[in-house]
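Just below is one structure, and these are the notes that go with it.
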Amino acid sequence: MKKIVAIGGSNSKKSMNKTLARYAANQIENSEIIVADLNDFDLPIYGIDLETENGIPEDATKLDNLLESADALVISLAEHNGSYTTAFKNAFDWLSRIDQKVWKNKPMLLMSTSPGGRGGLGVLQGAKMTFPHLGGNIIADFSLPSFYDNFSEEGLKNEKLNTDLNQKIKLLQKAI
Ligand SMILES: Cc1cc2nc3c(=O)[nH]c(=O)nc-3n(C[C@H](O)[C@H](O)[C@H](O)COP(=O)(O)O)c2cc1C
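Residue numbering for the sequence shown follows this note's numbering, beginning at 24 and increasing consecutively.
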């Protein structure tokens with residue numbers, strides 16, 4: 024049984040990225056899925072002075088340990104103004120102070136989605152450039168445009184997108 028950690032890069036309770044990450048992780052055979060909700064990690068806004076005074080927050084270490092325990096990561100990034108959400112970037116920054124190889128070379132399916140036609144492509148492209156320098160082992164990436172039109176728990180409504188995502192999930196499965 025492989026352990027998959029799924030993360031939506033958002034602190035929205037109804038995060039569409041958390042939904043997509045969970046959906047994709049659930050397609051991986053013989054696996055246990057842990058959905059890491061950023062709301063469950065109490066992380067103050069990163070600052071060098073705060074770190075110097077108080078050290079690393081316990082919940083950052085908790086999240087780091089969770090990543091370490093994973094056999095694979097399924098991450099879907101929400102896009103705010105073309106980039107990471109504050110909540111995700113903050114967690115990312117704390118994690119990078121514990122271990123520069125934030126993503127620990129775990130096989131990763133990296134995704135994004137948004138209600139718009141670009142599907143968070145901006146944040147996805149940024150992450151594709153940055154993550155490999157921080158222990159990111161991106162096996163495949165996928166962007167889902169127009170979430171409300173295309174997403175369904177029974178399979179993506181657009182056939183081409185559905186086939187594409189399934190192929191990428193299979194690639195991740197093979198890499199685990
Ligand atoms: C401050 C803010 C900025 C946003 N900027 C973008 C953007 O640049 N591109 C985009 O596609 N959607 C943008 N959106 C819409 C988000 O994609 C939408 O809120 C989506 O639900 C976020 O994903 P989540 O549900 O996983 O949090 C923005 C939303 C907010 C609140």
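Heads up, the beta-carbon is just placed ideally off N, CA and C, and yes, glycines get one too.
From a predicted model like this one, the values you see are computed outputs, not experimental measurements.
By alpha-carbon positions, which one of S137, S99 and E91 ends up nearest to I121? Residue E91 holds the alpha-carbon nearest to the alpha-carbon of I121 among S137, S99 and E91.
Thinking just about the alpha-carbon of each residue, which of G149, K129 and F64 is nearest to the one in S135? Among G149, K129 and F64, the Cα nearest to that of S135 belongs to G149.
Would you grab the beta carbon distance between L188 and A47 for me? Rounded to a whole angstrom, and I think it's under 8 Å. Contact holds; Cβ gap of about 7 Å.
Residues near ligand 1, criterion Cβ-heavy atom distance below 5 Å: The set, ordered by position in the chain, is S33, S35, S38, M39, N40, A101, E102, H103, N104, G105, S137 and G139.
Express the C-alpha separation of H156 and L144 in angstroms, rounding to a whole number. Their backbone Cα atoms lie some 19 Å apart in a straight line.
Within the continuous alpha helix (DSSP H) that includes I71, where are the two ends? Its alpha helix (DSSP H) spans residues I71 to N77.
Across which residues does DSSP place S106 in a beta bridge pair? Beta-bridge pairing links S106 to H103.
Using a Cβ-Cβ cut-off of 6 Å (strictly less than) and excluding sequence neighbours within five positions of F111, which residues of its own chain qualify? Once the five neighbours on either side are set aside, the close Cβ partners of F111 are G32.
Taking Cβ positions, are S166 and A101 nearer each other than 8 Å? For S166 and A101, no; Cβs fall outside 8 Å.
So, using beta-carbon positions, are Q50 and I192 closer together than 8 Å? The answer is yes: Cβ separation under 8 Å.
Short check: CB of I71 to CB of W117, under 8 Å? No; because the gap between Cβ atoms is not below 8 Å, this pair is not in contact.
Taking Cβ positions, are S99 and A44 nearer each other than 8 Å? A contact, by the Cβ cut-off of 8 Å.
Minimum C-alpha distance to S169 - residue among G159, N181 and I162: Out of G159, N181 and I162, the CA that lies nearest to the CA of S169 is found in N181.
What three-state label does DSSP hand I56 in the structure shown? Annotated three-state conformation of I56 is strand, per DSSP.
DSSP-derived helix/strand/coil call for N185: Three-state DSSP puts N185 in a helix.
Would you kindly work out how many angstroms separate the C-alpha atoms of D60 and A29, rounded to a whole number? When rounded, the distance between both Cα atoms is 9 Å.
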